[in-house]
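So our numbering is basically just the index in the sequence shown, starting at one, shifted up by 18.
C-beta atoms are modelled at their ideal positions from N, C-alpha and C, and glycine is treated no differently.
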Amino acid sequence: MKNLLIQSSILSILLIGSMSLVFHKPTKLDTPTNTFVFAENKWVDSVFNSLSLEQKIGQFFMVATHSDRNESYYRHLDLLIKNQQVGGLIFFKGGPSRQAKLTNRYQALSKVPLMIGIDGEWGLGMRLDSIDDFPKQMTLGAIQDNRYIYKMGFEIGRQCQRLGININFAPVADINSNPRNPVIGMRSFGEERENVTDKAGAYMKGLQHQKIIATAKHFPGHGDTGSDSHYTLPVLTHSTDRLAETDLYPFRKLIGDSLTGILTGHLYVPVLDNTPYLASSLSSKIVTDLLKKQMGFQGLVFTDAMNMQGVKRGRTAVEANIKALIAGNDVLLYPENVAETIKKIKEGIDKGRISQEIIDEKVRKILKAKYWMGLSKRTNIDSKTINNDLSSANFRALTRDLAEQAVTLLKNDNQLMPITALDTNTFASISIGGGGINLFQQTLSKYASFNHVVYAEKPTTNAEVESLLAQVGDAKIVIVSLHDTRRNFNRPFTITPATIELLNRIQQKAKVIVSLFASPYALLQLPTTSGVICAYENLPDLEAVAAQQIFGALPFKGKLPISIEGMYKLGTGIETKALNRLILGLPEQAGLSFKTLSKIDTLVQKSIQVRIFPGCQIVVARRGRIVFQKNYGTLSYDNLNEKVTSETMYDVASVTKVAATLQAVMYLQEQGAIDIKQKAAHFLPELIGTNKTHITLEDLLLHRSGLVAFYPKLWENTKTGGGGLMSEYYSSVRDSIYTMQIAPKLFAKSALKDSVWRWIVQSPLKKPVNGHYPFVYSDLGILMLQKVIERVTNQPLDEFLGQNFYEPLGMMNTRFKPLEKFGDTQIAPTENDFTYRNQLLRGTVHDQMAAVYGGVAGHAGLFSTAYDLSILMQMNLQKGLYGDRRYFQEETLPTFARMYDGAHHRGLGWDKAPQKGESVFVAASASPSSFGHSGFTGTMVWVDPTSELVFVMLSNRVYPNAENTQINSQRIRRKIHEIVYQAIAEHE
């Protein structure tokens, strides 16, 4: 890799040299050619020669500022910049757009371009609103693959560039060898020097590849101090050897690996300089002799904030400022009394107490750094889209990646995790200190049915403990999450005695998993439980990831970057394997463009506005990750308060064929219980001697059995001549005779189902052509397959599917006859049926043939959510593998999903993408290997093995009238499906 240098005739700044970043293909770096050197020197000389002595001295000051103040405050900064010509600003609290505008304002006022810095150890969100945080360095210390740390540094560098920031006062290179350190703690990568060094180096390189000065701190090392330099002068009592082996080690390595900046800490280190009460930042023995001469550092040296109490100790601000410069620092950070300091330095030069040569060397060094940062070319920051640009999709994906790498499993008795069985009435969770129902609990509910308990604060009394125990009930596995929502991680996170009592009591009757979303040092307070997870801090990404790891959607990978005395050794971390369950992720993690996927929003909202459907659910999964899951609109046009949620159940209509019947057929085929080449009459003797004697199961699957497409006689037979319903079959009240629900307020005798089957057996066939029946898409054929399944399994279809598929897969909102378990408010209505049932259908099947069959029919009757169906389709994509279970043998799904009838794009039971022409609902970009099905009510499932893609869309377009066919005429499902493929193609 090419070196990138700031040329300097006196003190060169060594940058990004001789790096072996095999894990990243770097952008093309500038080569220090003669042309480059000439351009740099020309600009530096020009600026340097234009400065008065006062203006040169002003370059040493980097003044603190905020972007959340008033105009009076900003005008004060205006005057400071114009009058003192300070060299730079460090922004603290504020917002991105306001900071961008102020940066433009301040840069325009400055004769020399200002260095703009930020103290963004865990990203810009550390200081600015509207931007999410990256994990803190202790969390990152658990990550085993440092490529992710580099990527974080690179992304923070990108954000800095976008906001006009040139310096980030990060990374922290301190080794936190003192667990009671009050100021470093979570800011450190850990207690092991190699881990700290490697990760600080990766962070550094990421920043510097974006032309951002990386500033390692707090030299010579703040990790083993017992006090906070913000308030006093900490003492570091190490021997020379200990100092060299630990605290100085990361700085030495980083200096040798192209470090551009160092921040000197306000520490008292008597082994290096025993001058009483002298901070290391003010010591020439430490800054000049040790750092610059012995360790060879040639980059910019910044002081820690000069307003901190640790640096003053009886000195005025002006005295401290001057002493810091004389000690060897190049830039004073957060200085006070700037004008007076400039005046005193000038007086010192005039009287010969301060060397003019040293002043000039420092100024040139700063100007060369500014040239490298790109400040020779003045640019205006565009603030219009800055919030969106900073919080990019790639940024969000990276924070999730970091979380997936960091969460650490410390205890796992009897391999409790990942949890495999998803039995109902097994799980409970208690959230302590995390506010309301949090993302951790919400994510747990994606994988199993939970009884969630929330305790916003920490329990302190026995009564609170008893109440929580009662709410947990008889759960067999209880997951307790402990949350620390404070911003300051350097104060102890206290686990109350009542919390400890609660954990001990639950452990006596259930298996307890504790997930700690707080400093790992809090582990020392925890009692023994079956499982212990360290998630380090209370970030949404960490909450989402930890929950998924518990159920094996993601593996545990992290290693503890510190030791917990008497409990866990440094590097403890139990690795687990993923169970092939769907991961809840983000588009960029799976190679899709979030921006492109967002086009779905516009198309769906427009569809709702023109009443193509009142609402819908859409789920997109790729490479095993759900990357898009959205709910739109309402359940009906009448009640706008009934919003579609992830738990809203839809009548999936003909999707039932593949989500129910076909799953059973594939299962029984590979078990040898059926053979699709066999005749249906082999299993259904009542067909023998009828016109259906010779129909095979394969004929039924391929819709070439001769059966008619639709058979209204099945319900017309139950109507009177005047169009009413025969009392022989129906009643508006459920009782011991009328037990079969046909509609919300309509019930039938159970014997009706037998009559319907008899009518199916007696139904006519189409005429054969050349001795073969032509393709006719027939629901009757799937009803016949249902009958075969029920005869072979000796079980109703819904019971068989629930036991063998839906329940073990964790499809908690999927079933036939949903009103037996769920309230109708969770179910989207379909048609207001005026021709047969004379009422609004909500929770009972829309299809008439399925209705008279009792609501459990092979071709229709299933109710589900897009999320549940994505699980089932992912299992099919994975050729029968999901969780820890194989539902099909590997060859079964490909056998059924290949093309059998190209003219009609049919597999065995599955629909296929048309080879010619345009589908109503399948994207033209779908591969020939793809398969799925659509449903009359406005539903669709589609699987594409080539793109590793699952697409599910559910709507109730038939509400309130099934004659609304705009979803087909406007090709809405196809257009949405096509956007997904565009998102793959347009991913950066």
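{"Asked": "Secondary structure of residue 472, DSSP reduced to three states", "Found": "strand"}
{"Asked": "Beta-carbon contacts of residue 993 that lie in its chain and below 7 Å, excluding the five residues immediately before and after", "Found": "621"}
{"Asked": "Endpoints, alpha helix (DSSP H) assigned at residue 531", "Found": "Not the alpha helix (DSSP H): residue 531 falls in the beta strand (DSSP E), residues 529-535."}
{"Asked": "The segment 516-525 in contact with the segment 103-112 per 3-pair CB rule at 8 Å", "Found": "no"}
{"Asked": "Residue closest to residue 809, alpha-carbon to alpha-carbon, out of 777, 762, 703 and 753", "Found": "703"}
{"Asked": "Distance between residue 198 and residue 168 (C-alpha atoms, nearest Å)", "Found": "29 Å"}
{"Asked": "Where the beta strand (DSSP E) containing residue 598 begins and where it ends", "Found": "That residue, residue 598, is in no beta strand (DSSP E); it is neither H nor E in DSSP."}
{"Asked": "Cβ separation of residue 784 and residue 795, assumed to be a contact under 8 Å, to the nearest whole Å", "Found": "Their Cβ separation, rounded to whole angstroms, is 12 Å, which puts residue 784 and residue 795 out of contact at 8 Å."}
{"Asked": "Contact belief for residue 242 with residue 227 at Cβ below 8 Å, rounded distance in angstroms", "Found": "Between residue 227 and residue 242 the Cβ distance is about 32 Å, and since that is not below 8 Å, they are no contact."}
{"Asked": "Nearest candidate by alpha-carbon position, reference residue 610, set 580, 968 and 511", "Found": "968"}
{"Asked": "The segment 952-972 in contact with the segment 666-675 per 3-pair CB rule at 8 Å", "Found": "yes"}
{"Asked": "Unbroken beta strand (DSSP E) run spanning residue 204, endpoints", "Found": "Here residue 204 belongs to no beta strand (DSSP E), and DSSP marks it neither H nor E."}
{"Asked": "Residue interval of the beta strand (DSSP E) (run including residue 347)", "Found": "Segment: none, residue 347 is in no beta strand (DSSP E) and carries neither H nor E."}
{"Asked": "Cα-Cα separation, residue 712 to residue 701", "Found": "12 Å"}
{"Asked": "Buried or exposed by the 16-neighbour rule on C-beta atoms within 10 Å, applied to residue 1001", "Found": "buried"}
{"Asked": "Nearest to residue 283 (by Cα), restricted to the options 238, 456 and 812", "Found": "238"}
{"Asked": "Inter-residue Cα distance where the pair is residue 786 and residue 466", "Found": "50 Å"}
{"Asked": "The ligand GDP heavy atom lying under 8 Å from the CB of residue 121", "Found": "In the structure shown, the ligand GDP is absent, as is every other ligand, since no ligand is present at all."}
{"Asked": "Same chain only: Cβ atoms within 7 Å of residue 738, ignoring 5 sequence neighbours per side", "Found": "744"}
{"Asked": "Best match in 599, 902 and 132 for proximity to residue 391 [C-alpha to C-alpha]", "Found": "132"}
{"Asked": "Through-space distance from residue 801 to residue 729, alpha-carbon basis", "Found": "12 Å"}
{"Asked": "Contact between the segment 549-568 and the segment 497-505 (3+ Cβ pairs under 8 Å)", "Found": "yes"}
{"Asked": "Cβ-based burial, residue 839 [other Cβ within 10 Å; buried from 16]", "Found": "exposed"}
{"Asked": "Residue(s) in a DSSP beta bridge with residue 960", "Found": "950 and 969"}
{"Asked": "Spatial distance of residue 529 from residue 409 (CA atoms)", "Found": "40 Å"}
{"Asked": "Spatial neighbours of residue 655 in its chain, beta-carbon cut-off 6 Å, leaving aside the 5 residues before and after", "Found": "632"}
{"Asked": "Paired residues, beta bridge with residue 929 - DSSP", "Found": "924 and 950"}
{"Asked": "Between the CA atoms of residue 343 and residue 47 - distance to the nearest angstrom", "Found": "Because the pLDDT at residue 47 is just 35, under 50, the model does not fix this residue reliably, and the value given afterwards should be weighed accordingly. The alpha-carbon atoms of residue 47 and residue 343 are separated by roughly 32 Å."}
{"Asked": "Of the residues 481, 932, 211 and 340, the one placed nearest residue 366, counting alpha carbons only", "Found": "340"}
{"Asked": "Sequence-distant residues of its chain with Cβ nearer than 7 Å to residue 681 (five each side left out)", "Found": "819 and 823"}
{"Asked": "Continuous beta strand (DSSP E) stretch holding residue 645: start and end", "Found": "643-651"}
{"Asked": "Where the alpha helix (DSSP H) through residue 126 begins and ends", "Found": "114-127"}
{"Asked": "Strand pairing of residue 446, partner residues [DSSP]", "Found": "469 and 496"}
{"Asked": "Start-to-end residues for the alpha helix (DSSP H) that takes in residue 894", "Found": "884-895"}
{"Asked": "When 357, 90, 541 and 837 are compared against residue 879, the one with the closest alpha-carbon", "Found": "837"}
{"Asked": "Candidates 586, 303, 462 and 382, of which the one nearest residue 571 by Cα", "Found": "462"}
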